[in-house]
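> Structure incoming, see below.
4 protein chains.
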Amino acid sequence: MHLAIDTHNGLPIYEQIVRHVKFAVANQLLQIGEHVPSVRDMATRLAVNPNTVARAYRDLQAEGILTPIRGTGLAVTPDAVTRCRSDRLGMIRSRLQSVLKEAWQNGISADELRSLFNEELTRLASDTALTPGP
Amino acid sequence: MHLAIDTHNGLPIYEQIVRHVKFAVANQLLQIGEHVPSVRDMATRLAVNPNTVARAYRDLQAEGILTPIRGTGLAVTPDAVTRCRSDRLGMIRSRLQSVLKEAWQNGISADELRSLFNEELTRLASDTALTPGP
Amino acid sequence: MHLAIDTHNGLPIYEQIVRHVKFAVANQLLQIGEHVPSVRDMATRLAVNPNTVARAYRDLQAEGILTPIRGTGLAVTPDAVTRCRSDRLGMIRSRLQSVLKEAWQNGISADELRSLFNEELTRLASDTALTPGP
Amino acid sequence: MHLAIDTHNGLPIYEQIVRHVKFAVANQLLQIGEHVPSVRDMATRLAVNPNTVARAYRDLQAEGILTPIRGTGLAVTPDAVTRCRSDRLGMIRSRLQSVLKEAWQNGISADELRSLFNEELTRLASDTALTPGP
DNA sequence: GTGGTCTAGACCACG
DNA sequence: GTGGTCTAGACCACC
């Protein structure tokens with residue numbers, strides 16, 4: 087499970103971890119019952135303080151995505167896949183909505199938005215080979 | 087000049103004001119030399135703390151968009167239009183980039199993004215009559 | 087709003103704070119829209135680290151009991167009363183259930199439990215004057 | 087000797103085992119001199135880590151409830167019955183105290199507590215036939 | 001002034 | 001080994 091922290095996109099680190107785990111579950115990169123990397127492990131991998139990872143994992147427990155297995159770590163719950171699947175596009179959608187709404191309300195036309203979108207999408211595709219993913 | 091503050095999109099209020107003024111200038115809704123509403127006025131209109139408006143106007147002065155006219159308020163500078171025009175799409179683009187990047191890195195395909203985008207765009211268009219704008 | 091932290095009952099401090107706030111809302115000691123004491127304030131009152139209070143308040147936000155008013159603090163949400171009311175007895179009930187279940191499964195009779203309960207209840211009542219409450 | 091581990095009541099597993107053994111001794115379900123199930127045995131029965139059972143047995147030895155019989159396992163000591171009898175209600179009492187105290191301090195009235203108690207007690211009785219016990 | 005994020009590190013409980 | 005709690009303190013964003 088690869089994760090790149092971006093300290094410049096405004097999203098707090100713990101939130102990025104939360105979202106990434108959800109995506110990983112939705113994509114079956116993390117299977118039901120599988121253990122998520124330990125707090126300390128993840129923390130060193132990301133070069134981040136363990137508390138930050140712990141915070142993310144705590145939020146994921148509160149949402150019912152992870153469940154603690156006493157003394158052995160945190161595992162993906164059976165419900166997690168369903169929840170994450172339904173969240174998957176929703177998480178993107180809400181951010182996208184916010185951007186488009188601002189643009190629209192400020193007089194950017196649909197055509198301008200379309201070309202902006204296509205531009206950015208093709209740039210993304212060319213930057214990172216041919217397929218999306220971690 | 088209409089402005090709807092959205093307290094739930096992550097963007098700080100003062101930043102929303104800044105961006106909105108810039109858009110208004112770019113669209114000629116605010117003409118060169120025209121006065122922007124007073125801090126106190128704007129604050130009550132938006133049901134927002136006057137300090138917040140002051141902060142936005144301060145930033146706009148720092149960027150050379152507004153300039154103080156002694157005793158009467160703040161006016162749009164002659165340079166403002168040029169600057170705001172060039173910022174116009176850039177402000178949207180950078181937010182859009184951030185969203186698309188996260189999606190792409192987490193395995194959302196270009197097709198999914200395209201349909202998501204179209205969905206949201208049409209919803210926006212139908213929600214707010216036929217034309218973009220304030 | 088009075089709160090006595092008990093470091094010896096197993097419940098973590100932040101959890102005690104969470105529960106106490108919920109009770110206070112249910113009892114209308116905290117009204118809708120009212121601000122909860124600031125993190126720093128509460129922390130010094132309880133002689134506790136501010137982060138601990140912050141953690142409690144964060145949990146309360148996640149449950150929709152509190153909502154942030156930018157720059158001014160945290161306020162009780164309109165929904166809070168309903169939620170807290172319904173939680174009120176539930177929080178006690180679940181702890182009580184757990185105790186009774188253990189006792190019952192281990193052969194303590196209903197009569198023994200009844201006398202135990204009455205004993206403790208009268209002790210409580212005599213210890214703290216005639217009425218419950220903070 | 088039947089034992090149901092409840093991973094959601096806050097009590098650590100080893101503590102539940104300790105308490106259960108004590109109750110069993112007090113009830114004469116475990117007689118003086120009788121052997122307690124082996125660590126390995128108990129662990130598989132409860133689907134629990136053997137270390138957890140070992141920990142419980144260690145605590146029970148420290149309290150003088152169990153004593154090792156060379157090469158054959160752990161047996162109930164002669165003193166055990168006395169000790170466990172006197173602990174029997176005390177273990178329940180202290181948990182009950184804690185619950186009632188929280189409720190009382192947060193304004194739950196004696197009447198509410200009484201009805202809550204009766205409710206839970208009758209539910210327990212109806213759930214598990216007519217008599218308490220394992 | 002407010003809350004939020006992050007770091008650092010101690011200590012505990014559990015398995 | 002695992003996660004959880006708590007403390008301490010720095011720094012930031014916002015109002």
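Protein chains in written order, with my numbering: chain Y, 87 to 220; chain L, 87 to 220; chain S, 87 to 220; chain U, 87 to 220. The beta-carbon is built from N, C-alpha and C at its ideal position, and this holds for glycine as well. Nothing here was measured: the structure is a model prediction, and the numbers come from that model.
Tell me whether the beta-carbon of S:Ala166 lies closer than 8 Å to the beta-carbon of S:Ile118.
Indexing the third sequence from 1 puts residue 166 of chain S at position 80. Indexing the third sequence from 1 puts residue 118 of chain S at position 32. In this structure, S:Ile118 lies closer than 8 Å to S:Ala166 by Cβ.
> Quick check for students: name the residue ranges of the alpha helix (DSSP H) that lie wholly in the region 91 to 134 of chain L, counting only runs of 4 or more.
DSSP runs (the alpha helix (DSSP H)) wholly in the region 91 to 134 of chain L: 99 to 112 and 125 to 132.
> Please state the DSSP three-state secondary structure of U:Thr153.
Your numbering for residue 153 of chain U matches position 67 in the fourth sequence. If DSSP states are grouped into helix, strand and coil, U:Thr153 belongs with the strands.
> Using only CA atoms, which one of L:Gln183, L:Asp145, L:Leu182 and L:Tyr100 lies nearest to L:Pro136?
By 1-based counting over the second sequence, the position of residue 136 of chain L is 50. Out of L:Gln183, L:Asp145, L:Leu182 and L:Tyr100, L:Tyr100 has the C-alpha closest to the C-alpha of L:Pro136.
> Going by beta-carbon coordinates alone, are Y:Ser184 and L:Asn95 separated by less than 8 Å?
The residue labelled residue 184 of chain Y in the question sits at position 98 within the first sequence. The residue labelled residue 95 of chain L in the question sits at position 9 within the second sequence. Cβ distance < 8 Å, so Y:Ser184 and L:Asn95 count as in contact.
> Write down the C-beta distance between L:His121 and L:Gly159 rounded to the nearest angstrom, noting that I regard them as a contact closer than 8 Å.
As a working mapping, residue 121 of chain L is identified with position 35 in the second sequence. As a working mapping, residue 159 of chain L is identified with position 73 in the second sequence. Their Cβ separation, rounded to whole angstroms, is 5 Å, which keeps L:His121 and L:Gly159 in contact under 8 Å.
> For the region 140 to 147 of chain L against the region 186 to 195 of chain L, do three or more pairs of beta-carbon atoms, one drawn from each stretch, fall closer than 8 Å, so that the two count as touching?
Flag = no, the region 140 to 147 of chain L and the region 186 to 195 of chain L do not touch.
> Roughly how many angstroms separate the alpha carbons of Y:Arg105 and Y:Leu182, rounded to a whole number?
Position 19 of the first sequence, counted from the first residue, corresponds to residue 105 of chain Y. Position 96 of the first sequence, counted from the first residue, corresponds to residue 182 of chain Y. Distance between the alpha carbons of Y:Arg105 and Y:Leu182: 15 Å.
> Please name the residue, chosen from Y:Leu210, Y:Val125, Y:Lys108 and Y:Asn204, that lies closest to Y:Gly157 on a Cα-to-Cα basis.
Here residue 157 of chain Y corresponds to residue number 71 of the first sequence, with the count starting at 1. For Y:Gly157, the nearest C-alpha among the options comes from Y:Val125.
> Consult DSSP for S:Leu210 and reduce its assignment to one of helix, strand or coil.
The residue you call residue 210 of chain S lines up with position 124 of the third sequence. Helix, per DSSP.
> Could you have a look at L:Gly193 and say whether DSSP puts it in helix, strand or coil?
Sequence index remark: in the second sequence, residue 193 of chain L carries index 107 (1-based). Three-state DSSP puts L:Gly193 in coil, outside helix and strand.
> Going by Cα to Cα distance, which pick from S:Arg169, S:Ala133 and S:Val134 is closest to S:Glu149?
Locating residue 149 of chain S in the third sequence gives position 63, counting from the first residue. It is S:Arg169 whose Cα lies nearest to the Cα of S:Glu149.
> For Y:Val162, write down the residues that DSSP places opposite it in a beta bridge.
Locating residue 162 of chain Y in the first sequence gives position 76, where the first residue counts as 1. Y:Leu152, per the DSSP bridge assignment.
> Against chain Y, with Cβ distances strictly below 8 Å, would U:Thr168 count as a contact?
To locate residue 168 of chain U, count along the fourth sequence from 1; it is residue 82. No, U:Thr168 does not count as interfacial toward chain Y.
> Which term fits U:Arg174, buried or exposed, when burial requires 16 or more other beta carbons within 10 angstroms of its beta carbon?
Numbered from its first residue, the fourth sequence carries residue 174 of chain U at position 88. Buried is the call here.
> Tell me, please, whether the CB atom of Y:Gln183 is closer than 8 Å to any CB atom in chain L?
Here residue 183 of chain Y refers to the residue found at position 97 of the first sequence. For Y:Gln183, the answer is yes, since a Cβ of chain L falls inside 8 Å of its Cβ.
> Closer than 8 Å, CB to CB, is Y:Gly193 near chain L or not?
Along the first sequence, read from residue 1 onward, the residue named residue 193 of chain Y stands at position 107. Yes, Y:Gly193 lies at the interface with chain L (some Cβ there is under 8 Å from its Cβ).
> Comparing C-alpha positions only, which one of L:Ile91, L:Thr130 and L:Phe109 sits nearest to L:Ile178?
In the second sequence, the residue the question calls residue 178 of chain L occupies position 92. Here the closest residue by C-alpha is L:Phe109.
> What residues of chain Y sit near U:Thr130, judged by a beta carbon separation below 8 Å?
Here residue 130 of chain U corresponds to residue number 44 of the fourth sequence, with the count starting at 1. What U:Thr130 touches in chain Y: nothing, since even the nearest Cβ is about 17 Å away.
> Please tell me whether Y:Ile151 and Y:Thr138 are closer than 8 Å, where the distance is taken between their beta carbons.
Here residue 151 of chain Y corresponds to residue number 65 of the first sequence, with the count starting at 1. Here residue 138 of chain Y corresponds to residue number 52 of the first sequence, with the count starting at 1. Taking 8 Å as the Cβ cut-off, Y:Ile151 and Y:Thr138 do not qualify as a contacting pair.
> Just confirm the distance between the C-beta atoms of Y:Leu207 and L:Ala196, as a whole number of angstroms; I'd bet it's less than 8 Å.
Counting from 1 along the first sequence, the entry for residue 207 of chain Y is found at position 121. Counting from 1 along the second sequence, the entry for residue 196 of chain L is found at position 110. Right, the Cβ-Cβ distance comes to about 6 Å (below 8 Å), so this counts as a contact.
> From the DSSP output, in three-state form, read off S:Leu89 for me.
Here residue 89 of chain S is taken as the residue at index 3 of the third sequence, counted from 1. The answer is coil: DSSP assigns S:Leu89 none of H, G, I, E or B.
> Measure the alpha-carbon distance for Y:Asp127 versus Y:Val134 and round it to whole angstroms.
Walking along the first sequence from the start, residue 127 of chain Y turns up at place 41. Walking along the first sequence from the start, residue 134 of chain Y turns up at place 48. Taking the straight line from one Cα to the other gives about 10 Å.
> Anything in chain S within Cβ reach of U:Ala142, meaning under 7 Å, just list it in chain order.
Against the fourth sequence, residue 142 of chain U aligns to sequence position 56. Near U:Ala142 there are no residues of chain S at all, since even the closest Cβ is about 15 Å away, more than 7 Å.
> Taking L:Ala211 as the reference, give the member of Y:His88, Y:Ile155, Y:Ser212 and Y:Leu186 with the closest Cα.
To locate residue 211 of chain L, count along the second sequence from 1; it is residue 125. Taking only the C-alpha atoms, the option nearest L:Ala211 is Y:Leu186.
> Here's a check: name, in chain order, each residue in its chain whose Cβ is nearer than 6 Å to the Cβ of Y:Ser154, leaving out the five neighbours to either side.
Taking the first residue of the first sequence as position 1, residue 154 of chain Y is located at position 68. The sequence given here places Pro at residue 154 of chain Y; Ser does not occur at that position. So the list reads Leu160, once near-sequence residues are dropped.
> May I have the straight-line CA-CA distance separating U:Asn204 from U:Pro98, to the nearest angstrom?
Stepping through the fourth sequence from its first residue, residue 204 of chain U is reached at position 118. Stepping through the fourth sequence from its first residue, residue 98 of chain U is reached at position 12. For U:Asn204 and U:Pro98, the distance between alpha carbons rounds to 27 Å.
> Step through the CB atoms of chain S and report whether any lies within less than 8 Å of the CB of U:Ile99.
Within the fourth sequence, the letter at position 13 stands for residue 99 of chain U. So no, U:Ile99 is outside the interface.
> Starting from the beta carbon of S:Ala211, find every residue of chain U whose beta carbon is closer than 9 Å, and list them in chain order.
Numbered from its first residue, the third sequence carries residue 211 of chain S at position 125. Near S:Ala211 (Cβ distances below 9 Å), the residues of chain U are Trp190 and Ala196.
> Taking the alpha-carbon of U:Pro123 as reference, which of U:Asp213, U:Val107, U:Leu202 and U:Gln114 has the nearest alpha-carbon?
What you label residue 123 of chain U is simply residue 37 of the fourth sequence in a count that begins at 1. Checked all of U:Asp213, U:Val107, U:Leu202 and U:Gln114; the closest Cα to U:Pro123 is U:Val107.
> Can you confirm whether U:Glu206, when its beta carbon is compared against all beta carbons of chain S, has any partner nearer than 8 Å?
Taking the fourth sequence and counting its residues from 1, the one referred to as residue 206 of chain U is at position 120. At least one chain S Cβ lies under 8 Å of U:Glu206.
> Could you tell me whether the Cβ of U:Ile178 comes closer than 8 Å to any Cβ of chain S?
For the purposes of this step, residue 178 of chain U is identified with residue 92 of the fourth sequence, where counting begins at 1. Taking Cβ atoms only, chain S reaches closer than 8 Å to U:Ile178, which makes this a yes.
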